[in-house]
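*Asks:*
Protein chains in written order, with my numbering: chain A, 562 to 664; chain B, 1308 to 1578; chain C, 97 to 363.
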């Protein structure tokens, strides 16, 4: 390997390690992406249809398993966030089903 | 005389403490004792005056004497106790010189325009609040009260009548733009508060109180809003500064004026 | 006779102590103390003074939703069980108080660390408060002077402050909040509540959602509440349930009857 190549590699590893050390809290792991996918839209809960809501609730349950496997603090923060979002979907779902029934 | 009075007071306190929380009406004998505890009329100019001495004394100033009578002729209770945030318990507000100089509390009006200033001027006005003695205040009371309708209790002034006849017109707000809640129709009929015997039933007017105060002056701290849900609401407790006694006894007409609330009763407090 | 006058206040004081549970005026928090929360699950035991968190300092910069939904702070005092290590890892207070995040051109001071110097201890006691400081009180009054005036609570009308742009609370923190894609339009379902004997209540769902987010109220605070079948009463609110979870503690207090019981349309 020539010096230029070695320098490139050095910079690359340098950047990478810097990147890793900076990624302490709120990292971009796979479970985090899933969490965002399930809960980012919770403030629009009223706009979802019944099948959409059911799907979101299932998504939440799947994310729950991956969050359970994380370390203490992450579990504490994200299980609460997930609970809030899942319970809301359940609440809106129940309201919508209730509205449908009498008609 | 004083010794005997202290004995009565002590025994009354004991009775009261021992009577506990059952909230039942007291029998005549005990009521008699409570009535004796009730303070007699004092000097008329003195009723409702609040003396604030803690911070003044530390700073080497004479205590502040705040006369309610001169202020309530100009503003309703609401204006000061709600808008300006004066607590209804003396000492709670924690007024400091820095605050009133910055235009808060007393400084809202005592700015040299609406009323004499809190600032040290020439000639010094400090003595008008930090009173070394109250002779001047007494004199001012005599002129103040001269033309107002009489009663036998408290300040010796029938404040309600004074307002109704237009002799005084207290402002209900200092920041005039504030909107207050519309008074609910349902509350316009005076409420009858039943007691143990019909002769002592009480007529309570929401409307008369709303004229001076705000819902929140009483609800929910003093009276929760459950009908008949106010526990242990007895004359005894009133007398010791609870419920009606938060105001009546301190600033509003005192409770030895029985007939103002119990229209069928006679004013027999023994004085 | 003069002695009698002397005795009466003592008597009243004695009675006050005996009967503190009913019929008395409660002590109202000062405007600068309203919304102040003391967190003390672990501090005392670990030899640190309890933490005092002031809502007025924070709500001018951030929405309730950001902290109470995205950061996971609970809605009752002490419920979050924040540990020093959580802060050190960059969660809870440490999300912002990490010595790195910049706010108004300054770095926000760092939260808990294992080791500290005498000088750094001055930072600890900004949160682990030893006693009420006059400096903070004055800061509050300087701030509140610039804000629209209100009678109760902080003495500040936070809603108008926001409308006028005097404060611009942030609702999103990069990496912490979930990225919202295009918002579907949700219509406001303003709720008009008919109350017998009092002016009706107009409650804006839309405004509350912007401040708090749906998930904070449903279903946690409004357990099993469905439209039109309201099962809560004013007495329960005064006991700190439903609306009383926020109003009285952080949002304007429930003694401000006319702000809820209003027939004036508020959009």
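Quick reminder that beta carbons are idealized off the backbone N, C-alpha and C, glycines included.
Among residues of its own chain, excluding the 5 on either side of residue 1481 of chain B, which ones have a beta-carbon nearer than 6 Å to its beta-carbon?
*Replies:* Excluding positions up to five away in sequence, the list reads 1386, 1390.
*Asks:* Scan the segment 618-642 of chain A for residues whose Cβ lies nearer than 9 Å to a Cβ of chain C and list them as they occur along the chain.
*Replies:* Taking 9 Å as the Cβ-Cβ cut-off against chain C, the residues of the segment 618-642 of chain A that qualify are 632, 633, 634, 635, 637, 638, 639, 640, 641, 642.
*Asks:* With a cut-off of 8 Å, do at least 3 Cβ pairs link the segment 247-260 of chain C to the segment 338-350 of chain C?
*Replies:* These segments touch.
*Asks:* For residue 1358 of chain B, which option in B:1568, B:1437, B:1549 has the closest C-alpha, if you only look at C-alpha atoms?
*Replies:* For the residues B:1568, B:1437, B:1549, the minimum Cα distance to residue 1358 of chain B belongs to B:1437.
*Asks:* Evaluate the contact criterion for the segment 159-175 of chain C versus the segment 266-275 of chain C: three or more CB pairs, one atom per stretch, below 8 Å.
*Replies:* Yes: at least three Cβ pairs fall under 8 Å.
*Asks:* Pull up the CB-CB distance for residue 1370 of chain B and residue 1461 of chain B, whole angstroms please, since I reckon it's below 8 Å.
*Replies:* About 22 Å separates the two Cβ atoms, so there is no contact after all.
*Asks:* Who are the near neighbours of residue 243 of chain C in its chain, counting only those whose CB is closer than 7 Å to its CB and skipping five residues on each side?
*Replies:* If we look at residue 243 of chain C and ignore the five residues flanking it on each side, its Cβ neighbours are 252, 257, 262.
*Asks:* My parser needs the alpha helix (DSSP H) runs of 4 or more residues fully inside the segment 583-635 of chain A; what are they?
*Replies:* Qualifying alpha helix (DSSP H) stretches, in chain order: 591-600, 611-629.
*Asks:* Apart from the five residues just before and just after residue 133 of chain C, which ones in its own chain have a Cβ nearer than 6 Å to its Cβ?
*Replies:* Closer than 6 Å at the Cβ level, and outside the excluded window around residue 133 of chain C, lie 149, 173.
*Asks:* What are the uninterrupted segments assigned as beta strand (DSSP E) that are 3 or more residues long and contained completely in the segment 203-255 of chain C, given in chain order?
*Replies:* DSSP runs (the beta strand (DSSP E)) wholly in the segment 203-255 of chain C: none.
*Asks:* Taking the alpha-carbon positions, what's the residue 1527 of chain B to residue 351 of chain C distance?
*Replies:* Cα-Cα distance, rounded: 8 Å.
*Asks:* Would you give the residue range spanned by the beta strand (DSSP E) that residue 1359 of chain B belongs to?
*Replies:* Segment 1356-1359, the beta strand (DSSP E) holding residue 1359 of chain B.
*Asks:* By Cβ distance below 6 Å, which residues in the same chain neighbour residue 117 of chain C in space, the five residues on each side in sequence not counted?
*Replies:* Legend: pLDDT at residue 117 of chain C = 45, less than 50; position of this residue unreliable, value from coordinates given subsequently. Closer than 6 Å at Cβ, skipping near neighbours: no residue.
*Asks:* Distance check for residue 217 of chain C and residue 190 of chain C, CA to CA, integer angstroms please.
*Replies:* Cα to Cα, residue 190 of chain C sits roughly 17 Å from residue 217 of chain C.
*Asks:* I'd like to know if the segment 1500-1514 of chain B and the segment 1364-1382 of chain B are in contact, where contact means that at least 3 CB-CB pairs between them fall below 8 Å.
*Replies:* In short, these stretches do not touch, since the Cβ pair count stays below three.
*Asks:* How many whole angstroms separate the CB atoms of residue 628 of chain A and residue 650 of chain A, which I take to be in contact at a CB cut-off of 8 Å?
*Replies:* Going by Cβ atoms, the distance from residue 628 of chain A to residue 650 of chain A rounds to 16 Å, so no, they are not a contact pair.
*Asks:* Could you confirm whether any beta carbon from chain A is found closer than 8 Å to the beta carbon of residue 117 of chain C?
*Replies:* Note that residue 117 of chain C has pLDDT 45, beneath the 50 cutoff, so the model's placement of it is unreliable and the number below is only indicative. Chain A contact via Cβ: absent.
*Asks:* Would you call the CB atoms of residue 611 of chain A and residue 658 of chain A closer than 8 Å?
*Replies:* In this structure, residue 658 of chain A lies closer than 8 Å to residue 611 of chain A by Cβ.
*Asks:* With a CB to CB cut of under 6 Å and the five nearest residues on each side skipped, what residues in its chain are close to residue 1568 of chain B?
*Replies:* Correct list, in chain order: 1509.
*Asks:* From residue 331 of chain C to residue 229 of chain C, what distance separates their C-alpha atoms?
*Replies:* Computed Cα separation, rounded: 36 Å.
*Asks:* Along the chain, where does the alpha helix (DSSP H) that runs through residue 1444 of chain B open and close?
*Replies:* Here the alpha helix (DSSP H) through residue 1444 of chain B covers 1442-1452.
*Asks:* Quick one: what's got a C-beta closer than 7 Å to residue 1556 of chain B's C-beta in the same chain, skipping five residues either side?
*Replies:* Cβ neighbours of residue 1556 of chain B beyond the five flanking positions: 1548, 1562.
*Asks:* Would residue 119 of chain C and residue 1426 of chain B be called neighbours here (beta carbons separated by less than 8 Å)?
*Replies:* Their beta carbons are not under 8 Å apart, which means residue 119 of chain C does not touch residue 1426 of chain B by this criterion.
*Asks:* I believe residue 595 of chain A touches residue 638 of chain A by the beta-carbon criterion, under 8 Å. Please report the beta-carbon distance rounded to the nearest angstrom.
*Replies:* The Cβ separation is near 16 Å, so there is no contact.
*Asks:* DSSP three-state label for residue 1333 of chain B, please.
*Replies:* Only weak support is given to the placement of residue 1333 of chain B: the predicted model assigns it a pLDDT of 46, under 50, and the question is left unresolved by the model.
*Asks:* What is the rounded straight-line gap between the Cα of residue 1494 of chain B and the Cα of residue 299 of chain C?
*Replies:* Using only the alpha carbons, I get a separation of about 24 Å.
*Asks:* Can you pull the chain A residues whose beta carbon is under 9 Å from the beta carbon of residue 198 of chain C, in chain order?
*Replies:* Within 9 Å Cβ-Cβ: nothing; residue 198 of chain C doesn't reach chain A, min ~15 Å.
*Asks:* Which residues of the segment 1502-1536 of chain B have a Cβ closer than 7 Å to any Cβ of chain C? Give them in chain order.
*Replies:* Within the segment 1502-1536 of chain B, the qualifying residues are 1522, 1523, 1527, 1528, 1529, 1531, 1532, 1533.
*Asks:* Note down, in chain order, every chain A residue with its Cβ under 8 Å from the Cβ of residue 312 of chain C.
*Replies:* 645, listed in chain order.
*Asks:* Strictly under 8 Å for the Cβ-Cβ distance: is residue 693 of chain A near chain C by that measure?
*Replies:* This structure does not reach residue 693 of chain A, given that chain A is present from 562 up to 664, and the question cannot be answered.
*Asks:* Under the three-state reduction of DSSP, which class applies to residue 383 of chain C: helix, strand or coil?
*Replies:* Missing from the structure shown is residue 383 of chain C; chain C here goes from 97 to 363 and no further.
*Asks:* Looking at the structure shown, is residue 1374 of chain B part of a helix, part of a strand, or coil, going by DSSP?
*Replies:* Residue 1374 of chain B: strand per DSSP, three-state reduction.
*Asks:* State the beta-bridge partners of residue 1500 of chain B as determined by DSSP.
*Replies:* Note: residue 1500 of chain B sits in a beta bridge opposite B:1509.
*Asks:* If residue 297 of chain C sits next to residue 289 of chain C, beta carbons under 8 Å apart, how far is it from one beta carbon to the other, in whole angstroms?
*Replies:* Yes, residue 297 of chain C and residue 289 of chain C are in contact; Cβ-Cβ is about 4 Å, under 8 Å.
*Asks:* State the Cα-Cα distance for the pair residue 1540 of chain B and residue 180 of chain C, rounded to the nearest angstrom.
*Replies:* Cα-Cα distance, rounded: 48 Å.
*Asks:* Could you check whether the Cβ of residue 209 of chain C sits closer than 8 Å to any Cβ belonging to chain A?
*Replies:* Cβ-Cβ to chain A under 8 Å: no for residue 209 of chain C.
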